[in-house]
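Step one of this worksheet: look at the structure below.
There are 4 protein chains.
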Amino acid sequence: MAETLGFIGLGNMGEPIALNLLAAGYGLRVYNRTPSKVAPLVARGGLAAKTVAEVASAGGIVLTMVADDRALEDLCLAPGSFVEKLGAGGVHISLSTIAPATARRLSAHHAKHKVDYLASPVFGRPDAAAERKLWVCTSGPGGARRRAEPIFEAIGQGVLHFGDEPGAANVVKLCGNFLIASTIEALAELMVFAEKNGVSKSAVADMIGKFSPLHRGYAKLIAEQKFEPAGFRLALGFKDINLVLQTAAESVTPLPMASLLYDRWLSAVAKGRGDLDWSAVALGAAEDAGLKPSLRSEVVE
Amino acid sequence: MAETLGFIGLGNMGEPIALNLLAAGYGLRVYNRTPSKVAPLVARGGLAAKTVAEVASAGGIVLTMVADDRALEDLCLAPGSFVEKLGAGGVHISLSTIAPATARRLSAHHAKHKVDYLASPVFGRPDAAAERKLWVCTSGPGGARRRAEPIFEAIGQGVLHFGDEPGAANVVKLCGNFLIASTIEALAELMVFAEKNGVSKSAVADMIGKFSPLHRGYAKLIAEQKFEPAGFRLALGFKDINLVLQTAAESVTPLPMASLLYDRWLSAVAKGRGDLDWSAVALGAAEDAGLKPSLRSEVVE
Amino acid sequence: MAETLGFIGLGNMGEPIALNLLAAGYGLRVYNRTPSKVAPLVARGGLAAKTVAEVASAGGIVLTMVADDRALEDLCLAPGSFVEKLGAGGVHISLSTIAPATARRLSAHHAKHKVDYLASPVFGRPDAAAERKLWVCTSGPGGARRRAEPIFEAIGQGVLHFGDEPGAANVVKLCGNFLIASTIEALAELMVFAEKNGVSKSAVADMIGKFSPLHRGYAKLIAEQKFEPAGFRLALGFKDINLVLQTAAESVTPLPMASLLYDRWLSAVAKGRGDLDWSAVALGAAEDAGLKPSLRSEVVE
Amino acid sequence: MAETLGFIGLGNMGEPIALNLLAAGYGLRVYNRTPSKVAPLVARGGLAAKTVAEVASAGGIVLTMVADDRALEDLCLAPGSFVEKLGAGGVHISLSTIAPATARRLSAHHAKHKVDYLASPVFGRPDAAAERKLWVCTSGPGGARRRAEPIFEAIGQGVLHFGDEPGAANVVKLCGNFLIASTIEALAELMVFAEKNGVSKSAVADMIGKFSPLHRGYAKLIAEQKFEPAGFRLALGFKDINLVLQTAAESVTPLPMASLLYDRWLSAVAKGRGDLDWSAVALGAAEDAGLKPSLRSEVVE
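Chains as they are written, first to last, in numbering that gives the first Met the number 0: chain A, 0 to 300; chain B, 0 to 300; chain C, 0 to 300; chain D, 0 to 300.
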């Protein structure tokens, strides 16, 4: 049997990933802020850790999938953290989408405890996680990356390596989310354009889906205005666009398209749509054009 | 042997399309404003028409692939035009990317001469045209569309039908070009973002290409800054973004992302880049970030 | 008594201007598409012309204040137009805000009839027109400008000369309207910003009004959301922003701020606000921020 | 003789303000990070403080004019700070442009030491400061504001009160800087527009200056491309636009015009223009239009 890993964070991405690790034969000590979410893992053979630090064993591996930079830093920097417990030879595989600067800061912090920090953000929505179809982007110490390979294989369809620099994988992940967000806005605008010019949105969605698998899903969601349940919460998407702009500011890089996306997303949050799927940002383009999209959940207002 | 068609416009898209029609066994009467471009077609069995109207025969089919709305209207509306010569039962297959409003205007004009106008813009760059990998979007009278099917098969990999409304196929084509243009700008910005944050552009291009065939080509062009020879001239791309905004204005549809693209493209034209590939618009994001991209052809200046 | 002038166009700007000309002692032959609007002028001594051409006398002066480029070209280019009747030594003072290109085209046309075209757009809203507080921007032949001086004095507080080039005064007028439109959007955004951060809009409006007379009026309108009656119709403002962008395109000049204004204005038109004052564009920024501004006239919907 | 005040921060705004306080008869204990800048103040009767805390006396008044939020927090929150030394009955008049959130945080901190925090940012460039033509915006405890009145009179031409909420004056100050920044970008674009359409930039600047005193100075700077010496450093302006966007994000307020300004300013910083006057951002619009503005200091590169 494979070794026992630590796993922290059982949200709608973390849970299916942890289940796949169990399915692949790994032992798992799991922790979640809301304890009730641990039960399904325990049912499949996972061990419930009572404290965060308990998930770690000396020289072992801990994976984390938490909401944002703040949550991750709180976990790692607290005295007596799981990082300290990992100690020499330990590896922290951080699956969250966070700022490259945070990854670099944590990497330096971990080094003091002789722990390797592996930035390992993933591409894919919860259904892809469940089907082991994630793509893992990873960067950090080469030895740790090699050690993590079988773990990555257990949770995804492929691994992309971006060298030793701890922030690199996060830069790449932000590139990817920026690209998807821009795709959503472009699709939103062109669907309104089609509709206002007498062409059905679903005809356009079909065509685009024919050309590009990457666009297919979002084109369909936007054409059908089906924004619930959220595959990826709009508020989390806003967090990522924010990370893009913050990181861009630190590197003195103006990104006008990212700014446009920022304003669209912030407006959607202001309109109370933070819990819808992030493709719900498409409502903005429709409203600007004087359409009154009838979103089921908002009709009640 | 299949019937003899008329063909007008032997630019870098028209020529390979015409060659494929010849290869498929069609007879072809060809016309081009610059007569020298007719020679390669004649070498493969085409007939050189001395005047535009000469390409048409009563009740036959004429295909056109010309640069813009103006050129097409000049061809069609002149007294004694090929449309008049086609007359009752004739079909005009218009392959150009033009405004939906122009398509509607021409359709009405053609109807007076009992000619069916088929809006049939195509997706694909010159290499795709040569390899019969175009996608044809078509709208117009159903009978004419059925009659045109084998022709479309001879030049592309698939046909998408958008009903009887003559402008519909052009609306859809503009949607497609808008989407591609937005992809170019997004790729441009994220490559600068990656570069400024220490990640190589080609690593990002590889990752994106892995996820999405649609993005692969442009990601590579932009990462390598290889903007010559032009697969699709930047100035022509600007024309299309213009058509999107014009058509959007007529339908009272604000498209902020299209406006952003418009400004980028117009700036690239102002900087003398109209003859480069339209992905050269990516230089704008780099320059805004204080980079001085060394474009081979511009270094000489 | 001063000479008798022709005057075409009695809208909410044209009427007070014409009244001031009568008040200054000029004779006036007036024409308006909707004849009923002529009565108030006749009541003050004006002469009602039955046809457009009738306003002109050989070698005389005609002023026009019509809605847009199209209306002006229709007036001028028709056979037997007032321009032909003016003939040698005649002067056409065109007060409308139109494209510089249109001004150049008309100037060339007028020259064929030996008529001087004076581009003479004005700054100021209807109340300023009534109080003779307009500013006139003028360009065209020097002799005609000198001849027009006393007329300009009768209708405004000052004249600004921009040389002989017929389009120049229109370029300048578009600059001015662009500046005002950008001011409206900036005020709109900062008022929402203030409101969302607990500072009253009227306090901000007062402060801004203290610093800048130019901003005072719009700051107050936006703070109070008093968009009716329209001093300057939003739809006309959109026309002007369009002229800016069109003229900018012809001169290959990207103007991202003008593009932003364009989208805001177009959205306001899409939302049915074309007949409100153009400061009503401010509702867009408020709605984007999740506010539901209670516009009196729209509540009824 | 008036009481003795503490004064921290002798930059190009702080110095003339401090000199005016001396001129008005106040005693002054001054501190500056770079000690050499204290000499001119001592020459006019000021007392050089050896440490920051030394500028304060129990129950007295200290004014600060430092570069940014960070610098101000460092000054105030350090143990043994001047705030602690002020103690009960003390007043801290903070002249810097900072985030409203910082002002609120400091206000709460000061309250623990029974010190009143007065947010008192000022409008005006260094020459206005020297001529006592600043406008002071102030908010905070009413008693402290009344006590500060004669001080404000000694340094400016007027005081605007925005109530007790400590952040309010900073909100208003950010509104003002946002408005000025938008004016700069609008002027920049319209000057390029004029130039490309054959109208001289100085003619446009003259016209605008005639209408609006607020615009006169910037219109002239941009027309003449005279960006040195900096009245207000571009990098500091970028800081303020950042504060606007940060504060807007906290209050969930999308500001697309502020985003556009952000990208322009960030690009100017990326191009190495952070030390020029902030109107130098105008070079961006010119470069986008394919012009190569010959900035004296950059030609040398």
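Beta carbons: idealized from backbone N, C-alpha and C, even for Gly.
Put simply, the stretch 147 to 158 of chain D does not touch the stretch 97 to 112 of chain D. Fewer than three CB pairs are less than 8 Å apart. A/Asn-176 and A/Leu-260 have their C-alpha atoms spaced approximately 11 Å apart. At least 8 Å separates the beta-carbon of C/Gly-197 from that of D/Ala-202. Comparing C-alpha distances from C/Thr-50 to each of C/Lys-219, C/Lys-200, C/Phe-81 shows the shortest one belongs to C/Phe-81. Counting other Cβ atoms within 10 Å of its Cβ, A/Leu-76 stays below 16 and is therefore classed as exposed.
Here the alpha carbon of B/Arg-144 sits roughly 41 Å from the alpha carbon of C/Ala-70.
In this structure, the beta-carbon distance from A/Glu-194 to B/Leu-254 does not fall below 8 Å. Distances from the alpha-carbon of C/Cys-174 to those of C/Ala-247, C/Asp-115, C/Gly-10 put C/Ala-247 closest.
Contact between the stretch 120 to 135 of chain A and the stretch 264 to 275 of chain A is absent: fewer than 3 CB-CB pairs across the two stretches fall below 8 Å.
Per DSSP, the beta bridge partners of A/Phe-122 are A/Trp-134. B/Thr-33 sits exposed, since fewer than 16 C-beta atoms from the chains shown fall within 10 Å of its C-beta. For B/Val-268, the CB contacts under 8 Å within the same chain, skipping 5 residues up- and downstream, are Leu-233, Ala-234, Phe-237 in chain order. Listed by position along chain D, the residues whose Cβ is nearer than 8 Å to that of C/Ser-93 form an empty set, because the closest Cβ is around 17 Å away. A/Gly-59 and B/Lys-209 have their C-alpha atoms spaced approximately 32 Å apart.
Of all residues in the stretch 268 to 296 of chain B, the ones placed with a Cβ closer than 9 Å to any Cβ belonging to chain D are Val-268, Ala-269, Lys-270, Gly-271, Gly-283, Glu-286, Asp-287, Ala-288, Gly-289, Leu-290, in chain order. Close to B/Ser-266, with beta-carbon spacing below 9 Å, are these residues of chain D in chain order: Glu-286, Asp-287, Ala-288, Gly-289. Between B/Ala-52 and C/Leu-242, the alpha-carbon positions lie close to 38 Å from each other. About 6 Å separates the beta carbon of D/Phe-231 from that of D/Arg-124, a gap short enough to meet the 8 Å contact definition. Contact between C/Gly-45 and C/Val-61 is absent: CB atoms are separated by about 14 Å, not below the 8 Å threshold.
Short of 6 Å from the beta carbon of A/Ile-16, and not among the five residues preceding or following it, lie these beta carbons of its own chain, in chain order: Ala-128, Ile-154.
Annotation: C/Lys-200 to A/Leu-282 spans about 28 Å, alpha carbon to alpha carbon. Around A/Thr-63, the same chain offers Ile-7, Gly-8, Ser-93 as residues with beta carbons nearer than 6 Å, after the five sequence neighbours per side are excluded. DSSP places C/Thr-50 outside both helix and strand once states are collapsed to three, so it counts as coil.
Distance check between A/Arg-131 and each of A/Val-158, A/His-112, A/Lys-111 places A/Val-158 closest, using alpha-carbon atoms only. In the three-state scheme derived from DSSP, where H, G and I count as helix and E and B as strand, D/Val-158 is classed as strand. Residue contact with chain A for D/Val-61: absent (no Cβ-Cβ distance below 8 Å to any residue of chain A).
With a threshold of 8 Å between beta carbons, C/Ser-56 makes no contact with chain B. With respect to the 8 Å criterion, C/Ala-47 and D/Ser-181 are not classified as neighbours on the basis of their beta carbons. If the five residues before and after C/Ile-240 are omitted, its C-beta is found closer than 8 Å to the C-beta atoms of Asn-176, Phe-177, Ala-180, Ala-257, Leu-260, Tyr-261, Trp-264, all from its own chain and listed in chain order.
For A/Phe-210, the enclosing alpha helix (DSSP H) starts and ends at 200 to 210.
Annotation for A/Val-90: the continuous beta strand (DSSP E) segment containing it runs 90 to 93. A direct Cα-to-Cα measurement between C/Ala-222 and C/Ile-183 gives close to 11 Å.
Under the DSSP assignment, D/Thr-101 falls outside any beta strand (DSSP E), being part of the alpha helix (DSSP H) whose first and last residues are 99 to 111. In the same chain as D/Ala-284, and ignoring 5 residues on each side of it, the C-beta atoms closer than 6 Å to its own belong to Ala-187, Glu-188, Val-191, in chain order. Going by C-alpha positions, A/Ala-66 is about 21 Å away from A/Gly-139. Within its own chain, the residues whose Cβ lies closer than 6 Å to the Cβ of D/Glu-83, once the five positions on either side in sequence are excluded, are His-112, listed in chain order.
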